[in-house]
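So for the sequence shown, this note's numbering puts the first residue at 2; every next one is plus one.
Yeah, the Cβ is synthetic: ideal placement off N, Cα and C, and Gly gets one too.
Since the structure is predicted, the reported quantities are computational estimates derived from the model, not experimental observations.
Some notes on the structure that comes next.
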Amino acid sequence: MQKTGPTPDVEVTPRTASTGARIAPIMKWDERYSVNVAEIDRQHRQLFALYNKLHAAMLYGEGNQVLDLIFDELVEYTRTHFKDEERYFCAIDYAGTKTHIREHQAFIDRLAELQDKFHARKAFLTIEILAFIRDWLNEHIKGTDQQYKQV
């Protein structure tokens with residue numbers, strides 16, 4: 002993965018599955034999130050888009066079937082992104098790799114737990130769950146991920 006210059010602002014406006022209505026995204030990409038690696042920045046923008054899609058579906062009362070699909074997509078894409086990011090760490094010999102991977106694993110473990118409970122209908126997708134995902138992504142990308150930006 003090559004380092005790049007500034008990444009253009011990207012704002013994906015999610016649509017609901019049933020009505021196609023547009024709603025303003027909750028998570029908006031800007032340069033504060035950039036790690037100056039084009040592929041990783043693109044993946045971070047996609048994580049924002051999936052989060053916004055999930056939030057829109059919940060807000061508009063989409064059924065569990067739609068929420069299941071979007072939640073699954075978010076979890077799987079997060080796993081893929083983490084694997085790609087971790088490969089990048091190896092390529093640049095990033096000293097913080099082990100700590101960073103532990104953070105990734107803790108987030109994936111929690112997402113998988115929420116996903117299992119949601120699929121078993123033992124939990125509902127709530128604002129608190131969405132806030133957890135939003136806050137983790139926001140803090141991780143603006144915090145931990147910025148540490149390898151300097152490498």
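Asked	Found
How about L55 and Y78: are their beta carbons less than 7 Å apart?	no
Would you mind giving the Cβ-Cβ distance between D69 and H105, rounded to the nearest angstrom? I have them listed as a contact below 8 Å.	Not a contact, Cβ separation roughly 23 Å.
What are the boundary residues of the alpha helix (DSSP H) that includes T79?	65-93
Which residue wins for smallest C-alpha separation from L60, given the options P26, I142, Y149?	P26
Could you give the distance in angstroms between the alpha-carbon of I102 and the alpha-carbon of I93?	15 Å
Residues in its own chain within less than 7 Å of F90 by CB, not counting five upstream and five downstream?	T98, H101, Y149
Under 7 Å, do R46 and W30 count as touching if we go by C-beta distance?	yes
Tell me where the alpha helix (DSSP H) around A124 begins and ends.	Counting along the chain, A124 falls outside any alpha helix (DSSP H), and DSSP gives it neither H nor E.
For the alpha helix (DSSP H) holding Y149, just list the boundary residues, first then last.	147-150
Quick one: Cα of Q116 to Cα of D73, how far?	7 Å
Does N53 pass the burial test, meaning 16 or more other C-beta atoms within 10 Å, or should it be called exposed?	buried
So, D146 versus V36, is the Cβ gap smaller than 7 Å?	yes
R122 to N65, Cα distance in whole Å?	9 Å
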